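Chemist:
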Amino acid sequence: MKKQWPETWKEYNTGGIVFEPGNARSFKTGSWRSMKPVWDNAKCIKCGVCYLFCPEGCISEDKDGYFIADMDYCKGCGICAHECWPCAITIIEEG
Amino acid sequence: MTKPVGIEVAVAAAEAVALCNIDVAAVYPITPNTHIAEHLSDIVADGRLDAEYITVESEHSALSAVMGASATGARTFTATSSQGLMYMHEVLPIASAMRLPIVMGLGNRAVSGPLNIWNDHSDIMLQRDSGWISIFAENGQEAVDMFIQAFKIAEHPDVLLPINVNMDGFQLTHMVEPIVFPTQTQVDQFLPSYRPFATIHPDKPLSMGTLALPEIYTEAVKARDVAIVNSKKVILRVWKEWGKQFGRKYEPVKSYKTAGAETLLLTMGSMGETAEEAIDALRKKGVKVGHLNMKLWRPFPFEELSKAVKGCKLLIVTDRALSYGGPGGPLCSEVRAALYDDPSRPEIVNYIIGLGGRDMRVEDFMKIIETAPKAKKSGGAYQLYGVRE
Amino acid sequence: MATLNTAQTYTTGLIQNFDLYAPKLVNKEEYFCAGHRACQGCGEALAIRLMCKALGKETVIANATGCMEVISSLYPTTAWKLPWIHVAFPNAAAVGSGVEAGLKVLRRKGRIPDRYVKTVAIGGDGGTVDIGLQALSGAMERGHDLLYICFDNEAYMNTGIQRSSATPFGASTTTAPAGKASIGNKTWKKNVPEIMVAHNISYVATACHSYPIDFMNKVKKARAIKGPAYIHCLSVCPTGWRAESKDCIKLGRLAVETGIFPLYEVENGKYRMTVELPENLRPVKDYIKLQGRFRHLGQVELDFIQKRVNLEFAKLMQKVECLKSWTELAKQA
Amino acid sequence: MIEVRWHGRGGQGAVTSVELLAMAAIDEGKYAQGFPSFGPERRGAPVEAFNRVDSRQIKLRSRIYNPDVAVVLDESLMGLVNVAAGLKPDGILIVNTVRSVAEVRKSIGYKGKIFTVDATGIAWKELGVPITNTTMLGALIKATKVVKLESLKGPVDHRFGRIAQKNLTALKRAYDEVKMN
Numbered sequence: 000m001k002k003q004w005p006e007t008w009k010e011y012n013t014g015g016i017v018f019e020p021g022n023a024r025s026f027k028t029g030s031w032r033s034m035k036p037v038w039d040n041a042k043c044i045k046c047g048v049c050y051l052f053c054p055e056g057c058i059s060e061d062k063d064g065y066f067i068a069d070m071d072y073c074k075g076c077g078i079c080a081h082e083c084w085p086c087a088i089t090i091i092e093e094g
Numbered sequence: 000m001t002k003p004v005g006i007e008v009a010v011a012a013a014e015a016v017a018l019c020n021i022d023v024a025a026v027y028p029i030t031p032n033t034h035i036a037e038h039l040s041d042i043v044a045d046g047r048l049d050a051e052y053i054t055v056e057s058e059h060s061a062l063s064a065v066m067g068a069s070a071t072g073a074r075t076f077t078a079t080s081s082q083g084l085m086y087m088h089e090v091l092p093i094a095s096a097m098r099l100p101i102v103m104g105l106g107n108r109a110v111s112g113p114l115n116i117w118n119d120h121s122d123i124m125l126q127r128d129s130g131w132i133s134i135f136a137e138n139g140q141e142a143v144d145m146f147i148q149a150f151k152i153a154e155h156p157d158v159l160l161p162i163n164v165n166m167d168g169f170q171l172t173h174m175v176e177p178i179v180f181p182t183q184t185q186v187d188q189f190l191p192s193y194r195p196f197a198t199i200h201p202d203k204p205l206s207m208g209t210l211a212l213p214e215i216y217t218e219a220v221k222a223r224d225v226a227i228v229n230s231k232k233v234i235l236r237v238w239k240e241w242g243k244q245f246g247r248k249y250e251p252v253k254s255y256k257t258a259g260a261e262t263l264l265l266t267m268g269s270m271g272e273t274a275e276e277a278i279d280a281l282r283k284k285g286v287k288v289g290h291l292n293m294k295l296w297r298p299f300p301f302e303e304l305s306k307a308v309k310g311c312k313l314l315i316v317t318d319r320a321l322s323y324g325g326p327g328g329p330l331c332s333e334v335r336a337a338l339y340d341d342p343s344r345p346e347i348v349n350y351i352i353g354l355g356g357r358d359m360r361v362e363d364f365m366k367i368i369e370t371a372p373k374a375k376k377s378g379g380a381y382q383l384y385g386v387r388e
Numbered sequence: 000m001a002t003l004n005t006a007q008t009y010t011t012g013l014i015q016n017f018d019l020y021a022p023k024l025v026n027k028e029e030y031f032c033a034g035h036r037a038c039q040g041c042g043e044a045l046a047i048r049l050m051c052k053a054l055g056k057e058t059v060i061a062n063a064t065g066c067m068e069v070i071s072s073l074y075p076t077t078a079w080k081l082p083w084i085h086v087a088f089p090n091a092a093a094v095g096s097g098v099e100a101g102l103k104v105l106r107r108k109g110r111i112p113d114r115y116v117k118t119v120a121i122g123g124d125g126g127t128v129d130i131g132l133q134a135l136s137g138a139m140e141r142g143h144d145l146l147y148i149c150f151d152n153e154a155y156m157n158t159g160i161q162r163s164s165a166t167p168f169g170a171s172t173t174t175a176p177a178g179k180a181s182i183g184n185k186t187w188k189k190n191v192p193e194i195m196v197a198h199n200i201s202y203v204a205t206a207c208h209s210y211p212i213d214f215m216n217k218v219k220k221a222r223a224i225k226g227p228a229y230i231h232c233l234s235v236c237p238t239g240w241r242a243e244s245k246d247c248i249k250l251g252r253l254a255v256e257t258g259i260f261p262l263y264e265v266e267n268g269k270y271r272m273t274v275e276l277p278e279n280l281r282p283v284k285d286y287i288k289l290q291g292r293f294r295h296l297g298q299v300e301l302d303f304i305q306k307r308v309n310l311e312f313a314k315l316m317q318k319v320e321c322l323k324s325w326t327e328l329a330k331q332a
Numbered sequence: 000m001i002e003v004r005w006h007g008r009g010g011q012g013a014v015t016s017v018e019l020l021a022m023a024a025i026d027e028g029k030y031a032q033g034f035p036s037f038g039p040e041r042r043g044a045p046v047e048a049f050n051r052v053d054s055r056q057i058k059l060r061s062r063i064y065n066p067d068v069a070v071v072l073d074e075s076l077m078g079l080v081n082v083a084a085g086l087k088p089d090g091i092l093i094v095n096t097v098r099s100v101a102e103v104r105k106s107i108g109y110k111g112k113i114f115t116v117d118a119t120g121i122a123w124k125e126l127g128v129p130i131t132n133t134t135m136l137g138a139l140i141k142a143t144k145v146v147k148l149e150s151l152k153g154p155v156d157h158r159f160g161r162i163a164q165k166n167l168t169a170l171k172r173a174y175d176e177v178k179m180n
C-alpha cells in the first residue's frame, strides 16, 4: 500500500511542492457516501447533464454514450439525480 | 578594480541589484528605503535593466508578487523598512517555507508607535523567526557587496531560502560615501544565472504552497530548519570566494583589536565603525578592549561567536531593539543563550542603544565601555543607554 | 430503496438557454480531479472544475487561502492538474500579478518556452471582497494580464460560516447570527463586480455554476483578453446555506431567476444580460425558503428584500439599457 | 578631517550641495561623507545637511556637533536658527548675503573666520532662479580648499546635465567673488 505520509523530514519535498498533478485521486472519497446514484439507461437521453454538474467530476461517458459514476469518488450528493431531466437517475441508499 | 565613486548607499544598493540582472522587482515606497525603489525604477525606465518593475499597492503585495514571480523561476527583489516589513510579516515565513530565493533590502527603521522614521533594528528583530537568512552591512560598501552575495547564497541549490540584507536607515541608506562597484563582467563571473529547482509552468504542472496536516507540519519545519542551519556552509563559501575575487573579507563575526582584550564590545550594523573609533581611543589609553561586529544574524553563528569571545572576561552586547518585558535586547538574549553552555564564558552586559535614531557618538561608546564593569551582569539585566530618568 | 425522484418541476422557460446537448461538447479533460475533499454537493468545487475546463492546459492558477485551497492541496496530494500556487489569504491577486510578470519577462528573455500562458487568480468571497480587495484593486488597476475569478459562497465557509461583506441581507451566520434582537446580517451584499467596472477593465461578468455553459463561455472570453478581467461566480454552499446538497444547482438557478444574482457581462463598459429574465421576476421567497440561513425571516424582512432586489435589478436594467460601450463613446467624443 | 554643516531651507538644495562635495572629494581619492539631517522637514522649513572629508577612511557615523565650517544658503535663516551653534571657535562661517563681513560678524558675534558672497545675486544672474546650493559650493571651496575647483565639474555635469555649465559658471563666480575678513 502506498504510504500516506512521508516517513521522515528528509522525504518532505523542498517547499512542500507536490510534483504529481492530480494525485489526490489516491484519496477515495467514495467512503463519504451514504446514498448512491443509479442510472436507468432506458430513460437516459445521453445529454450529459449529470456529467456536467458533478462537483467531483467522477461521472464519465461509457463506450455506448451512457453515463456512469466512479464509485471510488462519488460522495452521493444527489445533484445528478436531481438535475436529470428525463429522470433516468435515482438516488438510493448505500448497501 | 574600478576606483571608488561617491554615491548614496541606497542608490548604490539599487545599482548592485541591477548588476545582478534581476527579472522582477516589486517595491512599495517607505522611508528610508525609498531611494532603492526610486533608483531601481530609474534603471528599468532607462532600459539599463530588462526587468518587470511592479508598482504594488502595499508591502504585503510587494512580497506576494515577488513570490509569484520567483515561483516562475524569475530572479526577484523587493525592499522595505519598518511598518512595511511589519505589513509583510504574514507572507515572510511563507516565502521561506516555499523555499523561494527572494532577496530583500531592508533600510532598518524603528517600529511605530510612537511613529518614528529613524534607525534602529526593531523592524528586523520582530521578523526574526521567519526562516529568512539575515545579514547586516556595516557600511555602504558592505551593503553593495552583500546584495550581490545574497543572490548567490539564496539561489544555491543547497540553500533555496529568502534572504534579507540589512542596512541602517539614514545612517547608511542616505549616506553619500565612497563605493567600489564590481564590473558587470565580474558580477557575471561571480553570480551564476539562477537555475530554479521547480517552476510553475504548464510544461510540468505542480502544486506549490500546499497544506500540511499535523502529521507532516513538524517534518516541514524540520526540513526548513535544517536548510537554514546548513546555509551557513554556503554563506561562508560565498564570502570566501568574494574575498578572493574582490579582496574584501566577510566573516559572520568580525573581530577588531581583540588580541589580548579583556573586554569586548559587540555591535551589529553601521554603529560598529563608530564604536571602533572608541576602541582606538581606549586602546591608546591602555584599556584592553576590542570590538566584534555581527554580520550574520540568521543562521546564528554559534561557533564563530564562541571563538570570538574566547579569553575575554566581559562582553558588552549592544542591541538596537528591546523585547518589552523580556530579557533585554534580542541580540543579547541570543548571545547569552549561545554561550550558556560554555564554562569559560565571559560575563555579559546588555545596553540598548540608538533607538529610533538616537545618536551614538564615540564618547558614548567610551562611556559604555568604562561603566560596563560596574553594570549588573546577571539575570537578564539590561539598560537603555542615555534614557532620561 | 428509491428516494428523491426529482423531476425538474421548478424550471421555467429560462432553462431553454441551456443547450440540451452542450455537455457533450465541453472539454472532457479534468484539471480539477476527483479525490478533493469538498463537501457533498459543493457548488464551488463544481465551479472550479468547470473553470478549469474552460481555461485549458496553458494556464497557471494562483489561489487564495480558503475552502478550495484547503480541500485540494493536502500534502502530499493535489487535486490540481494545472500548475497551481497558493501563498496566503489576502494576496491571490498580488501573487497572480507576480506570476504574470515572471512569465512575461522570462518569455521575453527566452528562459521559458515562447508561448502564451494565462495567469488566473482565484479566491472566495472573503479572500476577494474583504481581505483581498486591496490586492485585487491593485492588480486590476495596474493592468496585469490577469483574470481574477471570485467564487462567492457568501460567507467565510472555510472557517465555519462567518459573515463577509458578500453575505446577503438577513442571512444568519456564525458572526451575524439571528436572534431575538437580530435578523442576522444587516447589510446588503457588497457589489464588487461594479467596483471592478469602476477600474475601467475591459471585461467584468457575473456567473454561476448552475449555468455552466454561460460560465465557461465567460471564462473563455475573459481568458482571451490580454489584460485584467474579473468574473464573480456565485457558488452555492449547501453546508453554509443550510440547504440540501442535491439542491445546489437549483439554488443557483433560483438566485438568478429571482433577480437576486442576475447574470450579466460588462464589455468595455457595455452591460449585457447573458441570461435574460422576464419583466416579472420570480418571488425571492422561492429562493429563500429553501435555505436554513434565512429560516428566521418574517414577512416584513421578505418584503424588504423583495423591494431591494427589485430596485437593484432596476438599477442594473437601467445600465443595460442606457450605457454604451466605450468604443462607441470614443467615436462620439 | 573637515566637518561641514550646511544651513538651508527645504527645497533649496542643501542635500545636493553635500552630495556634490562628497562626490568631488571621493573623485580626488579622498574619503568623504555627505548626508542630510534625517528629518521630515518639508519645503521651506529650515534644514541642515552635512559633509565629512578626510584623507583617511572615516568611520564616524554619528551626527556632526562641532563643525569646522558652517555654510548658510539663505540669510533669512540667521534670525531663526543659530548657524554658529557648535561651530569651532577657529572655524569658518560662510554666508550668502549682500551685507559686509563686518555687518555679519556684528549681528552674529562669531569670532572665527567669516566669508560672505552674494550668492542669490549670482544665482539670479547665472541660473535665473534664486537657488544657491551650487553657487555656495564655490564660496566653500575658496574658503576651505577642501577640494579643487575643477573636481566639481564631474559631479555637477553628472547631476545637472544640460544646465551643468550654468551651475559651474555660478560656482566659479562665487569662488572668485567671495569676500573674507
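Residue numbers (numbering that gives the first Met the number 0), protein chains in the order written: chain A, 0 to 94; chain B, 0 to 388; chain C, 0 to 332; chain D, 0 to 180.
By construction, the Cβ of each residue, glycine as well, lies at the ideal position given by its N, Cα and C atoms.
Bear in mind that the values here come from a model prediction, so they are computed numbers and not experimental data.
1. Are glutamine 140 (chain B) and phenylalanine 189 (chain B) closer than 8 Å when you measure CB to CB?
2. Does the contact criterion of 3 or more C-beta pairs under 8 Å hold for the region 10-26 of chain D versus the region 167-182 of chain B?
3. Please identify the residue among B:Ala13, B:Ile352, B:Leu291, B:Val286 whose C-alpha is closest to the C-alpha of arginine 387 (chain B).
4. Below 9 Å on C-beta distance, what does valine 4 (chain B) contact in chain D?
5. Is any heavy atom of the ligand MN found at a distance shorter than 7 Å from the C-beta of isoleucine 84 (chain C)?
6. If you draw a straight line from the C-alpha of valine 65 (chain B) to the C-alpha of valine 103 (chain D), how long is it?
7. Within its chain, find whatever has a CB closer than 6 Å to the CB of tyrosine 193 (chain B); leave out the 5 residues flanking it on each side and keep chain order.
8. Give the range of the alpha helix (DSSP H) segment to which glycine 463 (chain B) is assigned.
9. Thinking just about the alpha-carbon of each residue, which of D:Asp26, D:Ala13, D:Glu176, D:Val94 is nearest to the one in glutamate 40 (chain D)?
10. With 8 Å as the C-beta to C-beta threshold (strictly closer), list the residues of the region 57-79 of chain C near chain A in chain order.
11. Does methionine 166 (chain B) come out as helix, strand or coil in the three-state DSSP assignment?
12. 8 Å is my cut-off, CB to CB: does isoleucine 215 (chain B) come that close to chain A?
13. Return the CA-CA distance between lysine 309 (chain B) and glycine 21 (chain A), expressed in angstroms with no decimal places.
14. Is the distance from the Cβ of valine 37 (chain A) to the Cβ of isoleucine 91 (chain A) below 8 Å?
15. Measure from the C-beta of phenylalanine 301 (chain B) to each C-beta in chain D and report whether the shortest distance is under 8 Å.
16. Would you decide whether cysteine 321 (chain C) is buried or exposed? Buried here means 16 or more other CB atoms lie within 10 Å of its CB.
17. So, is leucine 310 (chain C) buried or exposed, given that buried needs 16 or more other C-beta atoms within 10 angstroms?
18. Output the distance between the C-alpha atoms of threonine 69 (chain D) and isoleucine 367 (chain B), rounded to the nearest integer angstrom.
19. Tell me, please, which residues DSSP counts as bridged to glutamate 176 (chain B).
20. What are the residues of the region 8-21 of chain D that lie near chain B, defined by any Cβ-Cβ distance shorter than 8 Å?
21. What residues in its chain sit with their C-beta under 7 Å from that of phenylalanine 196 (chain B), if we drop five residues either side in the sequence?
22. Touching or not, the region 44-54 of chain C and the region 204-212 of chain C, by the rule of three or more beta carbon pairs under 8 Å?
23. Would you identify the three-state DSSP class for isoleucine 90 (chain A), choosing helix, strand or coil?
24. In terms of residue numbering, what span does the beta strand (DSSP E) encompassing aspartate 213 (chain C) cover?
25. Indicate the three-state DSSP secondary structure (helix, strand or coil) for threonine 158 (chain C) in the structure shown.
26. Pair every Cβ in the region 59-77 of chain D with every Cβ in the region 355-366 of chain B, then say whether three or more of these pairs are closer than 8 Å.
27. Within a Cβ cutoff of 6 Å, which residues of the same chain sit near lysine 188 (chain C), ignoring the five residues on either side of it in sequence?
28. How should proline 112 (chain C) be labelled, buried or exposed, when 16 other C-beta atoms within 10 angstroms of its C-beta is the threshold for buried?
29. Ordered along the chain, which non-local residues of its own chain (more than five positions away) have a Cβ less than 6 Å from that of isoleucine 21 (chain B)?
30. I want to verify the contact list: residues of chain D whose CB lies under 7 Å from the CB of isoleucine 116 (chain B), in sequence order.
31. Using a cut-off of 7 Å between C-beta atoms, extract the partners of lysine 74 (chain A) located in chain C.
32. Going by the beta-carbon positions, is the gap between serine 133 (chain B) and arginine 319 (chain B) smaller than 8 Å?
33. By Cβ distance below 8 Å, which residues in the same chain neighbour alanine 11 (chain B) in space, the five residues on each side in sequence not counted?
34. With a cut-off of 8 Å, do at least 3 Cβ pairs link the region 162-180 of chain D to the region 108-127 of chain D?
35. Let me know the secondary structure DSSP gives arginine 294 (chain C) once reduced to three states.
Modeler: Concretely, from the data shown:
1. no
2. yes
3. B:Ile352
4. Met22, Ile25, Asp26
5. No copy of the ligand MN appears in this structure; indeed no ligand is present at all.
6. 57 Å
7. Arg74, Glu154
8. Any property of residue 463 (chain B) remains undetermined from this structure, which presents chain B solely from 0 to 388.
9. D:Ala13
10. Ser71, Ser72, Leu73, Tyr74, Pro75, Thr76, Thr77, Ala78, Trp79
11. strand
12. yes
13. 56 Å
14. yes
15. no
16. exposed
17. exposed
18. The identity of residue 69 (chain D) in the sequence shown is alanine, whereas the question assumes threonine. Looking at the two C-alpha atoms, the distance is approximately 31 Å.
19. B:Ile6
20. Val17, Glu18, Ala21
21. Pro156, Leu159
22. yes
23. strand
24. Run containing aspartate 213 (chain C): none in the beta strand (DSSP E); it sits in the alpha helix (DSSP H), 211-223.
25. coil
26. yes
27. Ala165, Pro167
28. exposed
29. Ala50, Arg74, Phe76
30. Pro39
31. Gln39
32. no
33. Gly139, Ala142, Val143, Ile178, Phe180
34. yes
35. coil
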